[in-house]
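Chemist: Residue numbers (this note's numbering): 144 to 378.
We put the CB at the ideal spot given by N, CA and C, even for glycine.
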Amino acid sequence: MKRWSTARVAALGYLAASGCDAEITSVGAWAPVVPGSSYVEAELGELTDGFTVGEDGRASAGRFIVPPGGMSSDEAPGPARARYSFEAPSRGEYVIWGRIHAPSAINNRFWFQVDGGEWYLWRISVGEIWFWDDLHDDVRYGEPLRFSLAAGTHELVIANAVDGVWLDRLYFTPDGDEPPGNDTPCDPPHSIEVGGECLPSCGALKGTECGAVACAGREPLEAYDCSVCCRVEEP
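Take a look at the structure:
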């Protein structure tokens with residue numbers, strides 16, 4: 144199967160070189176400030192079996208990728224693939240970030256794999272905004288996966304889990320670095336921006352349960368990820 148090489152991505156001008164100062168290059172796009180880090184536009188990967196390219200003026204370079212509609216695959220990676228090559232200039236631990244738009248707790252996840260290793264489900268809800276998030280294991284928010292990589296070329300593969308979630312850009316960087324540019328008063332996934340307000344998750348409200356049976360006779364609480372949320376004990 145043909146794959147995009149790092150050299151080809153660089154030739155297209157979308158793989159940013161390391162620099163000394165941050166530089167805004169487009170909406171949500173920054174040149175790296177840490178040696179050994181690089182950005183890649185999601186739409187420049189090798190897209191197969193259902194991933195397509197969409198357009199949004201808030202996305203870097205105005206484009207993003209979206210998985211096939213009407214398909215859910217939470218138990219195993221779906222058939223759609225987006226493949227990316229990236230360079231590790233030296234041996235060490237690396238973290239990968241993605242800039243995503245996930246409108247709800249239903250449309251909020253991808254599968255990913257590095258160098259043919261274990262598949263992980265990457266889940267986060269961000270509401271009506273674009274947001275940089277580290278690649279982590281399922282709901283282990285704030286715990287980025289650290290990949291021990293040898294110097295040389297490596298591969299990231301993204302697969303579909305649900306529809307309706309968008310991926311704009313990727314950032315490959317040594318552990319400890321993160322891309323600048325997030326701009327939200329909320330705290331995804333504990334609260335997300337919807338209609339200009341921060342709506343909490345049911346769990347973030349503490350001492351809560353989600354479900355009509357558990358909440359029967361109790362005062363409902365507003366939560367973005369639960370249609371019937373209530374407090375069952377004092378937090």
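How far does the beta strand (DSSP E) with SER334 in it extend, from its first residue to its last?
Modeler: Against the sequence shown, residue 334 aligns to sequence position 191. Start and end: 334-337.
Chemist: What does LEU264 pair with, by DSSP beta-bridge criteria?
Modeler: Against the sequence shown, residue 264 aligns to sequence position 121. Bridge partners of LEU264: TRP254.
Chemist: State the beta-bridge partners of ASN303 as determined by DSSP.
Modeler: The residue you call residue 303 lines up with position 160 of the sequence shown. DSSP output for ASN303 lists PHE253 as bridge partner(s).
Chemist: What residues in its chain sit with their C-beta under 7 Å from that of VAL355, if we drop five residues either side in the sequence?
Modeler: The residue you call residue 355 lines up with position 212 of the sequence shown. In the sequence under discussion, the amino acid at residue 355 is Ala, which differs from the Val named in the question. Result list for ALA355: VAL371, in chain order.
Chemist: From this set, GLU376, PRO378, VAL375, GLU352, which residue's C-alpha is nearest CYS369's C-alpha?
Modeler: Residue numbering aside, residue 369 sits at position 226 when the sequence shown is read from its first letter. Comparing Cα-Cα distances from CYS369 to each of GLU376, PRO378, VAL375, GLU352, the minimum goes to GLU352.
Chemist: From the DSSP secondary-structure annotation, give me the bridge partner or partners of ARG374.
Modeler: Numbered from its first residue, the sequence shown carries residue 374 at position 231. DSSP lists THR351 as partners of ARG374.
Chemist: Specify, as a first and last residue, the run of the beta strand (DSSP E) that TRP273 falls within.
Modeler: Within the sequence shown, numbered from 1, the residue matching residue 273 stands at position 130. Run containing TRP273: none; DSSP gives neither H nor E here.
Chemist: Using three-state DSSP, classify GLY346 as helix, strand or coil.
Modeler: For the purposes of this step, residue 346 is identified with residue 203 of the sequence shown, where counting begins at 1. It is helical.
Chemist: Distance, Cα to Cα, PRO246 vs VAL337?
Modeler: Stepping through the sequence shown from its first residue, residue 246 is reached at position 103. Stepping through the sequence shown from its first residue, residue 337 is reached at position 194. Computed Cα separation, rounded: 9 Å.
Chemist: Return the chain-ordered list of same chain residues with a C-beta closer than 8 Å to the C-beta of GLN256, the five sequence neighbours on each side being excluded.
Modeler: As a position in the sequence shown, residue 256 is number 113, starting the count at 1. The residues are PRO220, TRP262, TYR263, LEU299, VAL300, ALA302.
Chemist: If you check the beta carbons only, do TRP240 and PHE253 fall under 8 Å apart?
Modeler: As a working note, residue 240 is residue 97 in the sequence shown. As a working note, residue 253 is residue 110 in the sequence shown. No, the pair does not count as a contact, with Cβ atoms beyond the cut-off.
Chemist: Below 8 Å, can you find three or more Cβ-Cβ pairs linking the segment 221-238 to the segment 313-322?
Modeler: yes
Chemist: Please report the residue range of the beta strand (DSSP E) in which ASP311 lies.
Modeler: Counting from one through the sequence shown, the residue named residue 311 turns up at place 168. Residues 309-317.
Chemist: Considering HIS244, what are the terminal residues of the beta strand (DSSP E) in which it resides?
Modeler: One-based indexing of the sequence shown puts residue 244 at position 101. It spans 235-244 - the beta strand (DSSP E) in which HIS244 sits, taken as one unbroken run.
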